[in-house]
Amino acid sequence: MVFGIRVVDLLFSFAMSTLLASRFGASAQLDAFFLARRSTNGVADATGKLVHMALMPQLVARLDSSASLLGLFRNRLAAGVAGIILSIVFIALIWPSWFVTVFAPGFSGERHLLMDQLVRIMAPLIVLTTLIWILNAMRQASGKHGLVEFAAMSQRILLVGVLLFLVPPLGIIEVGEMLVVGAILALAIMVFGSLPFIHRMRAERAQARGVGNGGEQAGPVATGAAGGLVAAVIFVVFNQATTLMDFMAASTLADGSVAALEYGSRLASLVPGLVMSSVSAVMFPDLVRVMQSSSPREAALGFAQRQRSVFAIQTVVSISMVFSTDFIVRLLFGYGAFGADGLSATIATTIGYCAAAMFLTPLLATTSAIFADSRGNPRGDMIRIAVTGIALRAVALLALIPLLGVAGIAWGAALATALNLAQAMRVAKDRFADYPLAEQFRAFARTLAAAGVGSLLAFVLQQTLPAAGSQWLRLFLLGPTVATFLLGYAAAELVLCRDEECLSRQALALLIRRTRRA
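Numbers given in the working numbering equal positions in the sequence shown, counted from 1, plus 11.
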């Protein structure tokens, strides 16, 4: 169900992106809109992920033991997080120019003025999105999935309707206002779907009032509360900082660079991320339980197996997307106000971010495992990974932007993420004595080798096919190209990889079992 909802949501997301590009083009207006959304909704998503990460181990433990949920939200840590969120909203409402200066140092003139207005309008997104993430964490911890995807889809349906029928005469400012209205709608859907948890906490509150403070169960704790929260803050700040570094760099380039980077990153996260986000939504609570196992060896090996799986799946999906990028970008943006320069920049950034996604997914699995480990404070390990990652990103951007322009931002992200993953795996080895570091590197190398064989075969086929003069012909030729990559990858994987690493063998065994049952 989660995957199906994400597919429909993906279609509406594409429709929204297409309409924005055709209405406003690769222009100063779209640059300002995207960076305003990144600096408000992006901060909100980061805060929400922080809350989600910090709450998930505690929620899983409390739900498994039927302990009180209310205690998670009635402490000084929760009050401190709420205070920080409200302070950020206050700054965005009163001094939006500060956001522009920090997040878009290269903006001036029209782009600066537009972003100033949009930041003030979008400031409520920070609170709304955080509340959505809290409710989603409760549902995921109890094994319920799909509602947050439906809520996001409803928000996009509203925006697509506005862009389709009301722009023009409405402009980019009004689109920002409708983004906030859509977030209110999404929150209402999440509240309705989370009523059992809300009623449970209200009952706990009434019970606590009746028996006094001692009546509330403290509940089991997966990690130290303060240390876990600090680690979650470090993780989220790291992810948000690396993303914002990319867009801050894009703000110093020509008009349309931010829009091209936004579309490239969104295409790379939406298409390859469609499969992985669906898997991750189910995997993260499972990973939390694995890492809280009483056996350190079982926890380390369970994490290693999941890390190998997500890397292999993400590699296949990302490279398939690389071969499809030209067709998808031209299909979505090859008309209206989006020009040839915007198309070529978007294609280049999409390919770069697809490469980055191959290494980002196992990196996120690694940091999630460290955070969920119940045997020690994750703060020090998170600091090592975050500091190294930010430094690598800065060096990569400085080296590649002068050479490749806006495409250098995406390829800098790919290079920095790959190196950061290698360093994070070494951190994992220091933390988990039974983590098979050398074997993981060999398994990753075998996966990349199999992907290289499939890519080479697909590239050779692509060079022999006739040049596509229309979208229909591009679509017709795309099928054999992607199929050749997948078959080449599967064949190479069967030869190179061990049974437990081989996705092709697992998929074939599953197909045979289902065929026999039928």
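Built from N, CA and C at the ideal position, the CB exists for glycine as well.
Residue 24 places its beta carbon less than 8 Å from that of residue 281. Taking every protein chain shown into account, the CB of residue 305 has fewer than 16 other CB atoms within 10 angstroms, so this residue is exposed.
Under the 10 Å beta carbon count, residue 203 is surrounded by fewer than 16 other beta carbons and is classified as exposed. Bounds of the alpha helix (DSSP H) holding residue 467 are 448-475. Taking the Cα positions, residue 501 is about 38 Å away from residue 168. In this structure, the CA atom of residue 87 is about 19 Å from the CA atom of residue 390.
By a beta-carbon distance limit of 8 Å, residue 129 does not contact residue 36. Their separation comes to about 17 Å.
The beta carbon of residue 116 is closer than 8 Å to those of 259, 262 and 263 in its chain, skipping five residues each way along the sequence.
With a cutoff of 8 Å on beta-carbon distance, residue 252 and residue 401 are scored as near each other. Take residue 489, set aside five residues on each side of it, and the residues of its chain with a beta-carbon closer than 8 Å to its own are 334, 335 and 338, in chain order. Every unbroken stretch of the alpha helix (DSSP H) spanning 4 or more residues and falling wholly within the region 331-402 is given here in chain order: 351-383. The Cβ atoms of residue 385 and residue 303 sit closer than 8 Å to each other. Where residue 107 is concerned, the enclosing alpha helix (DSSP H) starts and stops at 107-114. Taking residue 249 as the centre and dropping the five residues before and after it, the same chain places the C-beta of 393, 396, 397, 400 and 401 closer than 8 Å to its C-beta, in chain order. Excluding five sequence positions before and after residue 28, the CB atoms of its chain that fall closer than 7 Å to its own CB belong to 274, 277 and 343, given in chain order. A direct Cα-to-Cα measurement between residue 158 and residue 143 gives close to 10 Å. In chain order, 425 place their CB closer than 6 Å to the CB of residue 366, counting only its own chain and leaving out the 5 sequence neighbours on each side. Each residue's CA atom was taken as its position, placing residue 122 and residue 43 some 5 Å apart. By the criterion of at least three beta-carbon pairs nearer than 8 Å, the region 354-362 is not in contact with the region 477-493. Remark: C-beta atoms of residue 420 and residue 409 do not approach each other more closely than 8 Å. Straight-line spacing of the CA atoms in residue 127 and residue 199 works out to 28 Å.
Counting C-beta pairs closer than 8 Å gives fewer than three between the region 472-483 and the region 430-446, which falls short of the contact rule. By the criterion of at least three beta-carbon pairs nearer than 8 Å, the region 174-184 is not in contact with the region 93-100. Nearest in C-alpha terms to residue 375, of all of 444, 247 and 467, is 247. Buried is the label assigned to residue 371, since at least 16 other Cβ atoms lie within 10 Å of its Cβ. With respect to residue 195, residue 255 sits apart: the two C-beta atoms are not nearer than 8 Å. Per DSSP, residue 192 is one residue of the alpha helix (DSSP H) stretching across 183-204.
Between residue 21 and residue 443, the alpha-carbon positions lie close to 37 Å from each other.
When secondary structure is reduced to three states using DSSP, residue 177 falls in the coil class, being assigned neither helix nor strand. For residue 441, the uninterrupted alpha helix (DSSP H) segment begins and ends at 417-442. The beta carbon of residue 451 sits closer than 8 Å to the beta carbons of 315, 318, 319 and 436 from its chain, once the five residues preceding and following it are set aside; these are given in chain order.
Burial check for residue 15: the Cβ neighbour count within 10 Å stays below 16, so the residue is exposed. The three-state secondary structure of residue 155, taken from DSSP, is coil. Taking a C-beta distance under 8 Å as the contact criterion, residue 461 and residue 508 qualify as a contact pair.
Going by beta carbons, residue 133 and residue 51 fall inside the 8 Å limit.
One Cα belongs to residue 90, the other to residue 299, and the distance between them is close to 25 Å.
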